[in-house]
Amino acid sequence: MRIRAVRLDELPLLQGIETAAGRCFRGIGMPEIADDEPLSLGELAHYHQSGLAWVGAHGNDIPVAYLIADRVDGNLHVEQVSVHPDSARRGIGRSLLGHLADYAAGEGAPALTLTTFTEVPWNAPYYARCGFQLLDDSGLTPGLRKIREREAAHGLDQWPRACMRRAL
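Numbering-wise (our numbering), the sequence shown opens with residue 5 and increments by one.
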């Protein structure tokens, strides 16, 4: 598995990966998440241009997973990490998170952050195994509070969600 920066011509592939990965939510009673539209090409292009978009690609160099991040309150925030179900459970997501951690440490960021569903096995429990810790409300930075407000406005709070942090 090779982790590398996403190429502009691969952005439609990222949408396909996100859509395929989202289908898994249907089986656990979250059809709204399964049916949610992937990020637009414009949004993905923003991450590409900011240098905060990476893919995991097999030997044929075709992406099967991706991670995009934002800078939030001095940390790097995992905005999205998706692995195509055909390539799941092979450590690709963990490798992408490790790559981001190395990148963030190189920038001097003290931590990675993310928001996630707490009761979805491949969300909060998975991230805890990757070194992330749940944050209570007192641990939320202003930027994380804004992210949670946007998520709530998008309807994501109909399922338990939380912020998590991984110190670097």
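The C-beta atom is built at its ideal place from N, Cα and C for all residues, glycine as well.
Predicted model only: the values in this text are computed from it and were never measured.
Counting C-beta atoms within 10 angstroms of its own C-beta, A171 has fewer than 16 neighbours from the protein chains shown and is therefore classed as exposed. For Q84, the enclosing beta strand (DSSP E) begins and ends at N79 to V87. Beta bridge pairing from DSSP links I72 with A57 and Q84. By the Cβ-count criterion, L12 is exposed, with fewer than 16 other Cβ atoms from all chains shown falling within 10 Å of its own Cβ. Cβ-Cβ separation between A25 and P89: approximately 6 Å, consistent with a contact (criterion under 8 Å). Between L100 and K150, the alpha-carbon positions lie close to 25 Å from each other.
Secondary structure note for T117: its beta strand (DSSP E) is the uninterrupted segment A115 to F121.
Counting along the chain, no alpha helix (DSSP H) covers R94, and no H or E run does either.
M168 and N64 have their alpha carbons spaced roughly 34 Å apart. In this structure the segment 143 to 158 does not lie against the segment 107 to 115, because fewer than three pairs of beta carbons, one per stretch, are closer than 8 Å.
Sequence-distant partners of I7 (beyond 5 residues in either direction) whose C-beta falls short of 7 Å from its own C-beta, in its chain, are W58, G60, S99, L100 and H103. In terms of Cα proximity to L15, the closest of A38, M34, F29 and L48 is L48. V87 has its alpha-carbon roughly 7 Å from the corresponding atom of Y70. In terms of CA proximity to I66, L18 leads the group A156, F136, L18 and V76. Residue pairing by DSSP places M168 opposite L118 and L138 in a beta bridge.
Straight-line spacing of the CA atoms in H52 and L45 works out to 10 Å. P125 sits in coil when the DSSP states are folded into three classes, being neither helix nor strand. A115 and A92 have their alpha carbons spaced roughly 25 Å apart.
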